[in-house]
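Novice: Structure incoming, see below.
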Amino acid sequence: MTTITSLNRTAPVTANPVVAGAYTSNSGAANTPAGGNSSTVVSLGAAANSDAQVKPLVWENRTRSTSATLMAQNFNNQPMAGRLKGLGGELLKQIAYDGEDFSQSVQQAPTGVQADTYDMLVSPSQVSQHGMGDNQIALTVTTRSGVKVQLKLDAGDGSIAVEAKSDGKLDETERKALGQLSEAFQKSIDALTEDPPRIDLSGLTQFDHNALSSVDLKAQVKINPKETQQLEFHADSTQRTVSFNGPAGSAKIAVDLSQAASWGSKAQQAKALNNYLQQVDQAAGRGQGNADMVSMFKNAFKDMNSDYGTPPAAPANSILLTDQDRAMTTGLADFNASFAQTEVPSNPRKPQEKDTFEYELSQKTSITGHSQLDRGISQQQQAHLKASYHAPVSADAKLALTLSLNSQNYKFVTVDDSASSSTNISYDKGNLAKATLEMQASRSTRILTFTLGKLKDDHTTPSGKSMSRDLLSTLEPERDGLPQLNDTQRSMMLSRLNDQIFMKANPDAIPNEHT
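Numbering (UniProt numbering), first residue to last: 1 to 515.
Here it is as structure tokens:
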């Protein structure tokens, strides 16, 4: 067994002895120029104890690297969905540690080439597979010094191609920051190529902002012969955005990181994130959302809001939020998020009746005032659900809609829900002047009941509730002649108040105004 090393890496990396081989040139030449037209025979010797049938391959060039080793073993031992296994992370490490541009592509040799004669042909004129695969991944990382590093990977039924390049020289800090992203990059690839696909962006948001300026990921992955999953992700010091669409549906999430003053503690953020995710689950249950789509949205929403990093230093004379102010906010960065599942005409006899699901969720915070003494903080949470679905006429009945008239006994349900919560707190000359909590929720459920395809009942059930509370006496009970709270009592009161500010999708869950 021979080891393969990248061009400049000092420590050799040993390939898997069961499935991998090693490049050894039969011609004695070290490299073939990428633009050359000659073909060079090179063996790719499989380990003696391997039972895998190694396919003859044609390569773009003979540049030796661990990435090329992975390409060979993935091509011979992985289905198309797994042909990028380990390759993204290894390629990012390679350019981070070696600092060298790299390009390589491989495809199966033409019919008639015998594996026991030679396993590898180098033929640049025959290999042009970059951008040709059904699975395409592109990562772009821009450093603080302005250097742009680009990685491109694609894989198809008959080829794998990778390319890595930078438009400038990387310093050691930038190299280290790039290397630290390798595992996160590979995890994002692995998640997207699963069936059903997942979203895993958590590591890509956690880059070193002192060394790197932004991270962009674009992906297109073939899920089956007819369907593709697409994703676009961007993160920098002021924002994070992601959009994706595929067989289950589409989603968009944008997080505003420009107002770090509104961020709460890690514990407060975790509580708020959990609350929002619970609201997504509640909406999914009420609107019968597609489980795969709901899962992808929740994973993406969590990744985009899990850790914002260290807040930048606040400018001089900027407004700072006190514990009292933070009790009136969620502690999360502001965001806009939405997703919609692919419409499904599940009743073949009435294709106009579609199962649908659309959900929107947002938060907006405003900090105003000329100084700490006259500051004002307001925050708005909003959610909206629109959905429709088919259901059996009774809990013990079975829904099996076909073209047969006898199958047309069912309910067609449409829901239209909205919810909001608004908090406001302001000060005049340093004294608390206003503190309010307003909450609203409305629901509308329409149920059309059909028997043998004929409408027998059309019933709409509306419900709603709103609430407005003045919190001045809650925050300062001495205004009503009650004893002033000590530090422990005040901390407990602020914690309870923070629990109460989250919007309620169910009108029945909204407390009375003086609760």
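Here a beta-carbon is modelled for each residue, glycine too, at the ideal position from N, C-alpha and C. In this text, all values refer to a predicted model and were calculated from it rather than measured experimentally.
For Ile199, name the three-state secondary structure that DSSP assigns.
Specialist: Within the sequence shown, numbered from 1, the residue matching residue 199 stands at position 199. Coil, per DSSP.
Novice: For the alpha helix (DSSP H) that contains Ala235, what are its first and last residues?
Specialist: Here residue 235 corresponds to residue number 235 of the sequence shown, with the count starting at 1. Where Ala235 is concerned, there is no enclosing alpha helix (DSSP H), although the beta strand (DSSP E) it sits in stretches over 227–236.
Novice: Does DSSP classify Asp154 as helix, strand or coil?
Specialist: For the purposes of this step, residue 154 is taken as the residue at position 154 of the sequence shown. Three-state result, Asp154: strand.
Novice: Mind checking whether Ser366 and Thr423 have CB atoms under 8 angstroms apart?
Specialist: For the purposes of this step, residue 366 is taken as the residue at position 366 of the sequence shown. For the purposes of this step, residue 423 is taken as the residue at position 423 of the sequence shown. Result no, Cβ atoms of Ser366 and Thr423 do not sit closer than 8 angstroms.
Novice: For the alpha helix (DSSP H) containing Glu358, name the first residue and the last one.
Specialist: Here residue 358 refers to the residue found at position 358 of the sequence shown. Not the alpha helix (DSSP H): Glu358 falls in the beta strand (DSSP E), residues 356–368.
Novice: Grouping DSSP H, G and I as helix and E and B as strand, with all else coil, what is Ser306?
Specialist: Within the sequence shown, numbered from 1, the residue matching residue 306 stands at position 306. Of the three classes helix, strand and coil, the one that applies to Ser306 here is coil, per DSSP.
Novice: For Thr63 and Ala184, what's the separation of their Cα atoms in angstroms?
Specialist: Along the sequence shown, one-based indexing puts residue 63 at 63. Along the sequence shown, one-based indexing puts residue 184 at 184. Roughly 26 angstroms separates the two Cα atoms.
Novice: State yes or no: is the C-beta of residue 534 within less than 8 angstroms of the C-beta of Pro392?
Specialist: As shown, the chain starts at 1 and ends at 515. That puts residue 534 outside it, with no answer to give.
Novice: Quick one: Cα of Pro33 to Cα of Tyr308, how far?
Specialist: As a working note, residue 33 is residue 33 in the sequence shown. As a working note, residue 308 is residue 308 in the sequence shown. Its pLDDT being 36, under 50, Pro33 is placed unreliably by the model, and the measurement read from it follows with that caveat. The alpha-carbon atoms of Pro33 and Tyr308 are separated by roughly 45 angstroms.
Novice: For the ligand GDP, is there any heavy atom lying closer than 7 angstroms to the beta carbon of Lys169?
Specialist: The ligand GDP is not part of the structure shown, which contains no ligands of any sort.
Novice: Can you name the residues that DSSP bridges to Asn245?
Specialist: The residue given as residue 245 occupies position 245 in the sequence shown. Asn245 is bridged by DSSP to Gln230, Ser250.
Novice: So, helix, strand or coil for Glu183, using DSSP?
Specialist: Along the sequence shown, read from residue 1 onward, the residue named residue 183 stands at position 183. Correct three-state label for Glu183: helix.
Novice: Please classify Arg429 as buried or exposed, where buried requires at least 16 other C-beta atoms within 10 Å of its C-beta.
Specialist: Taking the first residue of the sequence shown as 1, we reach residue 429 at position 429. First, the amino acid is wrong: residue 429 is Lys here, not Arg. With fewer than 16 Cβ atoms within 10 Å of its Cβ, Lys429 is classed as exposed.
Novice: The alpha helix (DSSP H) that contains Phe75, what's its start and end?
Specialist: Within the sequence shown, the letter at position 75 stands for residue 75. It spans 66–77 - the alpha helix (DSSP H) in which Phe75 sits, taken as one unbroken run.
Novice: Pick helix, strand or coil for Pro477, following the three-state DSSP scheme.
Specialist: Taking the first residue of the sequence shown as position 1, residue 477 is located at position 477. The answer is helix: DSSP assigns Pro477 an H, G or I state.
Novice: If you drop the 5 nearest sequence neighbours on each side, which residues of the same chain put their C-beta closer than 6 angstroms to that of Ala68?
Specialist: As a working mapping, residue 68 is identified with position 68 in the sequence shown. So the qualifying residues of the chain are Gln104.
Novice: Which of the three DSSP states is assigned to Met80 in this structure?
Specialist: Position 80 of the sequence shown, counting from 1, holds the residue named residue 80. Here Met80 sits in helix by DSSP.
Novice: According to DSSP, is Arg62 part of a helix, a strand, or is it coil?
Specialist: Translated into positions along the sequence shown, residue 62 becomes position 62. Residue state, collapsed to three classes: coil.
Novice: I need the DSSP call for Leu494, collapsed to helix, strand or coil.
Specialist: As a first step, residue 494 must be located in the sequence shown, where it is residue number 494. In the structure shown, Leu494 sits in a helix (DSSP, three-state: H, G or I).
Novice: What are the boundary residues of the alpha helix (DSSP H) that includes Arg326?
Specialist: If you number the sequence shown from 1, residue 326 lands on position 326. 323–327 is the span of the alpha helix (DSSP H), which, as asked, contains Arg326.
Novice: Which same chain residues end up closer than 7 angstroms to Thr10 when comparing Cβ atoms and leaving out the 5 residues on each side of it in sequence?
Specialist: Translated into the one-based positions of the sequence shown, residue 10 becomes position 10. Note that Thr10 scores 31 on pLDDT, short of 50, meaning its location in the model is unreliable; the coordinates nonetheless yield the value given after this. Around Thr10: no qualifying Cβ.
Novice: Measure the beta-carbon distance from Lys222 to Asp134 and round it to whole angstroms, keeping in mind my assumption that it falls under 8 angstroms.
Specialist: Here residue 222 corresponds to residue number 222 of the sequence shown, with the count starting at 1. Here residue 134 corresponds to residue number 134 of the sequence shown, with the count starting at 1. With 8 angstroms as the limit, Lys222 and Asp134 qualify as a contact, their Cβ atoms being about 4 angstroms apart.
Novice: Starting from the Cα of Gln341, find the closest Cα among Glu232, Ala251, Gln380, Asn224 and give me that residue.
Specialist: For the purposes of this step, residue 341 is identified with residue 341 of the sequence shown, where counting begins at 1. The option with the nearest alpha carbon to Gln341 is Ala251.
Novice: Do Ala400 and Ile510 have their CB atoms nearer than 8 angstroms?
Specialist: Position 400 of the sequence shown, counting from 1, holds the residue named residue 400. Position 510 of the sequence shown, counting from 1, holds the residue named residue 510. For Ala400 and Ile510, no; Cβs fall outside 8 angstroms.
Novice: May I ask you to report which of helix, strand or coil DSSP gives Thr2?
Specialist: Locating residue 2 in the sequence shown gives position 2, where the first residue counts as 1. Summary for Thr2: the model assigns pLDDT 30, below 50, so the residue's position carries little reliability, and this model does not support an answer.
Novice: Mind checking Leu373: buried by the 16 CB within 10 Å criterion, or exposed?
Specialist: Walking along the sequence shown from the start, residue 373 turns up at place 373. By the neighbour-count rule (16 or more Cβ atoms within 10 Å), Leu373 is not buried but exposed.
Novice: Can the beta-carbon of Asp216 be found closer than 8 angstroms to that of Ala164?
Specialist: Position 216 of the sequence shown holds residue 216. Position 164 of the sequence shown holds residue 164. No.
Novice: According to DSSP, what are the bridge partners of Ser166?
Specialist: Here the question's residue 166 lines up with position 166 in the sequence shown. Answer is Val149.
Novice: At the level of alpha carbons, what is the spacing between Ala191 and Ala300?
Specialist: The sequence position of residue 191 within the sequence shown is 191, counting from 1. The sequence position of residue 300 within the sequence shown is 300, counting from 1. If you draw a straight line from the Cα of Ala191 to the Cα of Ala300, it comes to about 12 angstroms.
Novice: Give me the Cα-Cα distance between Gln73 and Leu452, rounded to the nearest whole angstrom.
Specialist: One-based indexing of the sequence shown puts residue 73 at position 73. One-based indexing of the sequence shown puts residue 452 at position 452. Gln73 and Leu452 have their alpha carbons spaced roughly 58 angstroms apart.
Novice: On the CB-based measure, 16 or more other CB atoms within 10 Å of its CB, does Met492 come out buried or exposed?
Specialist: Working through the sequence shown from its first residue, we reach residue 492 at position 492. Exposed.
Novice: Just to confirm, are Phe335 and Gly289 a CB contact at a threshold of 8 angstroms?
Specialist: On the sequence shown, residue 335 is found 335 positions in, with the first residue counted as 1. On the sequence shown, residue 289 is found 289 positions in, with the first residue counted as 1. Not a contact, by the Cβ cut-off of 8 angstroms.
Novice: DSSP beta-bridge partners for Leu437?
Specialist: By 1-based counting over the sequence shown, the position of residue 437 is 437. Under DSSP, the beta-bridge partners assigned to Leu437 are Thr423, Arg469.
Novice: Mark Leu405 as exposed unless 16 or more other C-beta atoms lie within 10 angstroms of its C-beta, in which case mark it buried.
Specialist: Walking along the sequence shown from the start, residue 405 turns up at place 405. Per the 10 Å Cβ criterion, exposed.
Novice: From what residue to what residue does the alpha helix (DSSP H) around Lys93 run?
Specialist: Indexing the sequence shown from 1 puts residue 93 at position 93. Counting along the chain, the alpha helix (DSSP H) containing Lys93 begins and ends at 87–98.
Novice: Buried or exposed for Asn347, going by 16 or more other Cβ atoms inside 10 Å?
Specialist: The residue given as residue 347 occupies position 347 in the sequence shown. Asn347 comes out buried.
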